[in-house]
Every structure is written in C-alpha cells, then in structure tokens.
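In what follows, a single structure is set out as structure tokens and then discussed.
Chains as they are written, first to last, in the numbering used here: chain A, 1 to 306; chain B, 1 to 230.
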C-alpha cells in the first residue's frame, strides 16, 4: 500500500474501480462543484480534479481538493508540467499531501495556446515522466530532484495518463512501460470511443504483462450532443471518434439518451477486457449524469473498504 | 540554398512608423549577413522600408529625411566603425539587424538612438524558398546525440525529453496540423537506425542553468583572448 487512499484500496482489492472527474470553475465560487461532488458521493471511489484544463484559468486543483477533503470526499489531484517549474511542483506536492491529498496524477497538460491565456509562457521545466519520477523519489528515496533530502517521509499514490489513440501507436505501450518505471501505480486513459483500437492497445499491454504492474482505468465520456461529438473529434487534442459513432448519434432520436447508452456500453465492454482495472468517467459539463451511468453500468453500490 | 543562422522578420509597418514618430532625420541601417539571407534586413529591405517611411510621412504631412544603407555585420565594432561618422548625423537609426546587431550598435555608439526594425525569431535555416524553420534554441546543453539529430527542445512545443505526449496525432503536434511532432520524427528515425531502446530510458530533468534561465551567458576562452581578462 502506497498511501492507503480509498482508490488504492479498491484497486488493490481487485474490484472494478470508478473515478469521476470534476472540473473546477472559472471563479472561486465552488458551490456547483460541491453539489456535483455531493451527488456523486457514493457513486465514485475518488474524484479527479483537473489542473487548469485545456489551459483555461480555473480554481486550482489543489484548492478544489481542499474543498472536497472538507466534504469528506477523496480527490485525485491532477498536476501538469505546463504552468509550474520543479520548485513549484515539488512544493505543491508537499502542500497537497499536507492538506490530506493521497492521490496525485501527473501529466504534461494541453499546450497553453489552447486556453484563455494563449500569450502565457509555457514552463515545461520538466516533463510528465520526470514529474512522476520526481514524486516517486520524494516518496521512496526521500530526495528532491536536486538531491536535497525531504525532511520527513510522505506517502502518496501516484498515477499517470496514457493515450492509446495518440501516435505513433506502437510507441504508446513503450510509453506506458516507461511511466510504470517512473512510478505510476494507476493509469487514466484518454476518452475511449474507438474500442477496437483500445483493445489492440490492451493486447500489447497484456503481452508485456503491464496490466499486472499498473491499474488501468479506461476513460469514458458520455456524449451530450452531436455537436459535442463533432467538436471533440475535430478540436480536442488527443481524442479520436470513429465516424460510425457520429453516425449512430446522428441516427438517434434522443441524442442524450443515445450518448448515455454509448457510455454505458463502453463501460460494460471495458469490464470484459482483461487487464482493465476500472473506469474514469469524464462527464464534462454533464456531471449530474454520473450516478445514473454508474448505476446503469452495474457498478453501484461502490465497495466500502475500511 | 544559402545558409542562415539568425532568422528575423520585419516588424509591422504601423509599429515602425509609431516608434519613429519623434524623429526627423532617420537612417535605416541594413545588415549584410543573416538577415540579408532571410530577406528581412538587407540593403533591398532597407531601401523599401525607407521609401515606405517617406510615403507615410508625406501622407501625414510630416517632414522626414530618410537614408538607407547597409554594413556587412552590425554585430562587429570594426564594421560599425565604417559608418560611425555617417550615423552621427541622424536623430535615430532604425536597425534592420537582429537583436544582437541593435545592441552592439548601442554598446559601441551609446550616443545613438537605435530602434529595432525587425523581430528576431530564431536560429534555423531556409527549408525552401520563402520558408524559414527554427532548429536551435541555444539551450546550452545539446541533446542531439540522444535523438539522432532532431532537437526535441526546439521542435517539441513542450520541449519534452521523454517521448511524444498524448497530443501527437498522425505525425503532427497538437498545436497545429502544420507542425510536425518532433518526437514522432525522432521515433521513426531511431526505429530506422535500430536505436529505439534509447527512448525507453528515462531522461532526467534537464539542467536549464546552461540556458538563458541561468542568466545571460558569456563564453570566455583564455586561449584565444588577446589580453588576459584579469
């Protein structure tokens, strides 16, 4: 056990894990986020908090994590290397752990040009692999990147992301293996719409036995409308949506219900794939549907682990 | 194809007209090396810009006298000396050199008002006629041996050292379909050379103190100095 978080316990128990994403607001008013958190309370094992997602200024992931902790909910704090150098990142890890955060997810982050501060200086002092390794070394070796000693031990459950839909495809499993070596205990994948490609990736993962070394949580996003699907297909970095799926939505009378159905079917299929340890539900601007998705996918109630 | 090291681009005319507004006698000083090759600040561009300034002032009914001339390199005192007396006769010098040239002029002739006519962009080369690409950021700690000659510090929009991020699609970078993913290129090249294993090693955080992040850099070579610096 690395940090004894609820997420870690569920994963280690071998039960299919469920995490939900909460996107912080573009203000310090977190009341809507609190409501979503409350509504999802018993439906997810942990809440993933994005870090200025798509490079848009929002309440910080650590700040929101503090709010969730006050509510008795478990956060997974996302940290990108886009906006902070190694001094700030390592300091923020300590700050997050001091607040009570037990799960941290390390990633590169969308390039700053996508957001509302396109003139910002991108930091990228270290990359996501180095961030993961740095946090692992702080935890396991008691050392900061520069070699200085961490004055007291800390525990944290570290995660990373994987995008089986990015290129070069054959490299994506190498990258996963590298992230495991760097310190990832769990992996959250990019939204899965192209199940065939995901299955091919998982085959390669199993060939190398990587699914036994890391818990892979498949990313699932319910599509709210045809417009949202088209937008993601064309404008969201790292996401691929097969034409068949667009056609299926186009042909559906009730688009929202069809979007939910697709998400639920995806979860059910993911549960059948050997080596998939759980799902990560990213119901972007549709958080209120998470309990229904979890319930209809047969994942409710969630395990209660001491 | 001719070589270019420093690549620059003329500033927008409105910005140039604005910064020149207080001045009556203006020299547009071209630079005969890098920026001539990249067609931004040679004699031809200096003459065109001088003409544009004159026309603008005529429209605005403001007097001006503009002259355009060029020296081979504005980044060398000896070459500045060739036109030093002439430059003293102007209220302002609009330098069409890179940022190095502008500053060398000011350091050598502090009495001059020197304004930049160009935006200095990058170190690179002309990939084809009319297209100049960036290839070096001058990070001070070259990694091209790890990547077989393709620079991830310069060519990856996130300067990643451990392979392509999740935004790489069809060989292109997430920032634009017109930008190659540097790590895709590196991956393919390493694969061809049978060296993909190097991408599996975790590269440690880069020491940016050798780059500009360590402050302005000066190289001192005692072996080639004319006088010892002590």
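For each residue, glycine too, the CB sits at the ideal point set by N, CA and C.
These numbers come from a predicted model, not from an experiment.
DSSP-derived helix/strand/coil call for residue i
i: residue 97/B; result: coil
i: residue 26/A; result: coil
i: residue 230/B; result: Caution is warranted here: a pLDDT of 48 is assigned to residue 230/B, below 50, making its placement in the model unreliable, and no coordinate value can be reported.
i: residue 162/B; result: coil
i: residue 1/B; result: With a pLDDT of 42 at residue 1/B, under the threshold of 50, the modelled position of that residue is not reliable, and no figure is offered here.
i: residue 234/A; result: helix
i: residue 165/A; result: coil
i: residue 93/A; result: helix
i: residue 108/B; result: helix
i: residue 286/A; result: coil
i: residue 199/B; result: helix
i: residue 266/A; result: helix
i: residue 43/A; result: coil
i: residue 103/A; result: strand
i: residue 16/A; result: coil
i: residue 125/B; result: strand
i: residue 189/B; result: helix
i: residue 122/A; result: coil
i: residue 38/B; result: coil
i: residue 16/B; result: helix
i: residue 289/B; result: Only positions 1 to 230 of chain B appear in the structure, and residue 289/B is not among them; the question remains open.
i: residue 130/A; result: helix
i: residue 134/B; result: strand
i: residue 52/A; result: coil
i: residue 220/B; result: coil
i: residue 255/A; result: helix
i: residue 79/B; result: helix
i: residue 137/A; result: helix
i: residue 297/A; result: coil
Contact belief for residue i with residue j at Cβ below 8 angstroms, rounded distance in angstroms
i: residue 149/B; j: residue 135/B; result: Wrong, their Cβ atoms sit about 10 angstroms apart, outside the cutoff.
i: residue 20/A; j: residue 44/A; result: 4 angstroms
i: residue 184/A; j: residue 117/A; result: Residue 184/A to residue 117/A, Cβ: 29 angstroms. No contact.
i: residue 223/A; j: residue 262/A; result: 6 angstroms
i: residue 27/B; j: residue 60/B; result: The Cβ separation is near 20 angstroms, so there is no contact.
i: residue 166/B; j: residue 161/A; result: 6 angstroms
i: residue 158/A; j: residue 132/A; result: 6 angstroms
i: residue 9/A; j: residue 155/A; result: In fact, because the Cβ distance is near 13 angstroms, the residues do not count as touching under 8 angstroms.
i: residue 136/A; j: residue 4/A; result: Rounded, the Cβ-Cβ distance is 17 angstroms, inconsistent with contact.
i: residue 106/B; j: residue 112/B; result: 7 angstroms
i: residue 193/A; j: residue 242/A; result: 6 angstroms
i: residue 70/B; j: residue 43/B; result: 4 angstroms
i: residue 96/B; j: residue 31/B; result: 6 angstroms
i: residue 206/A; j: residue 275/A; result: 5 angstroms
Pair within 7 angstroms by beta-carbon distance, residue i and residue j
i: residue 47/A; j: residue 75/A; result: yes
i: residue 123/A; j: residue 218/A; result: no
i: residue 269/A; j: residue 195/A; result: yes
i: residue 37/A; j: residue 69/A; result: no
i: residue 72/B; j: residue 79/B; result: yes
i: residue 81/A; j: residue 108/A; result: yes
i: residue 167/A; j: residue 51/B; result: no
i: residue 7/B; j: residue 208/B; result: no
i: residue 141/B; j: residue 65/B; result: no
i: residue 90/B; j: residue 24/B; result: no
i: residue 237/B; j: residue 118/B; result: This structure leaves residue 237/B out entirely; chain B is present only between 1 and 230.
i: residue 313/A; j: residue 282/A; result: Outside the shown range of chain A, which is 1 to 306, sits residue 313/A, and nothing can be said about it.
i: residue 202/A; j: residue 246/A; result: no
i: residue 215/A; j: residue 277/A; result: yes
- Query: Using a beta-carbon distance cut-off of less than 8 angstroms, what residues from the segment 174-203 of chain A approach chain B?
  - Reply: So the close ones are 174, 175, 177, 178, 181, 182, 190.
- Item | Within 9 angstroms of chain A by C-beta, residues of the segment 162-175 of chain B in sequence order | Result list: 162, 163, 164, 165, 166, 167, 168, 169, 170, 171, 172, 173, 174, 175.
- the segment 202-217 of chain B: positions lying closer than 9 angstroms to chain A by Cβ: If the cut-off is 9 angstroms between Cβ atoms, the segment 202-217 of chain B has 202, 203, 204, 205, 206, 208, 213 near chain A.
- Task: Decide if the segment 144-160 of chain B is in contact with the segment 174-182 of chain B; the criterion is three or more beta carbon pairs, one per stretch, under 8 angstroms apart.
- Result: Cβ pair count under 8 angstroms is three or more, so yes.
- Query: Counting pairs of beta carbons, one from the segment 11-24 of chain B and one from the segment 226-242 of chain A, are three or more of them closer than 8 angstroms?
  - Reply: Counting C-beta pairs with one atom in each stretch, the segment 11-24 of chain B and the segment 226-242 of chain A have fewer than three that are closer than 8 angstroms, which means they do not touch.
- Which residues, in order along the segment 256-285 of chain A, keep a beta-carbon less than 8 angstroms from a beta-carbon of chain B? Of all residues in the segment 256-285 of chain A, none places a beta-carbon less than 8 angstroms from a beta-carbon of chain B.
- According to a CB-to-CB cut-off of less than 7 angstroms, which residues of the segment 146-158 of chain B neighbour chain A? With the criterion set as a beta carbon lying under 7 angstroms from some beta carbon of chain A, the members of the segment 146-158 of chain B are 157, 158, in sequence order.
- Query: What residues from the segment 231-255 of chain A come within 8 angstroms of chain B, judged by C-beta to C-beta, listed N to C?
  - Reply: So the list reads 237, 238, 240, given in the order they occur along the chain.
- Given 8 angstroms, three or more beta-carbon pairs between the segment 217-229 of chain B and the segment 190-206 of chain B: No, because fewer than three Cβ pairs between the segment 217-229 of chain B and the segment 190-206 of chain B fall closer than 8 angstroms, the two stretches do not touch.
- Query: For the 8 angstroms Cβ check, are there 3 or more pairs between the segment 138-156 of chain A and the segment 166-178 of chain A?
  - Reply: Judged by Cβ distances under 8 angstroms, the segment 138-156 of chain A makes no contact with the segment 166-178 of chain A, as fewer than three pairs qualify.
- Contacting positions in the segment 118-139 of chain A - beta carbon closer than 8 angstroms to chain B: Flagged, chain order: 122, 124, 125, 126, 127, 128, 129, 130, 133, 134.
- Can you give me, in chain order, the residues of the segment 184-204 of chain B that have a beta carbon less than 8 angstroms from any beta carbon in chain A? Taking 8 angstroms as the Cβ-Cβ cut-off against chain A, the residues of the segment 184-204 of chain B that qualify are 184, 187, 188, 196, 199, 200, 202, 203, 204.
- For the segment 160-173 of chain A, enumerate the residues whose C-beta is nearer than 7 angstroms to any C-beta of chain B, in chain order. The segment 160-173 of chain A vs chain B, Cβ under 7 angstroms: 161, 163, 166, 167, 168, 171.
- Query: What residues in the segment 141-152 of chain A have a beta carbon less than 7 angstroms from any beta carbon of chain B?
  - Reply: Cβ contacts with chain B come from 145.
- Task: Below 9 angstroms between beta carbons is the criterion; list the residues of the segment 84-104 of chain A that meet it against any residue of chain B, in chain order.
- Result: Cβ contacts with chain B: 85, 86.
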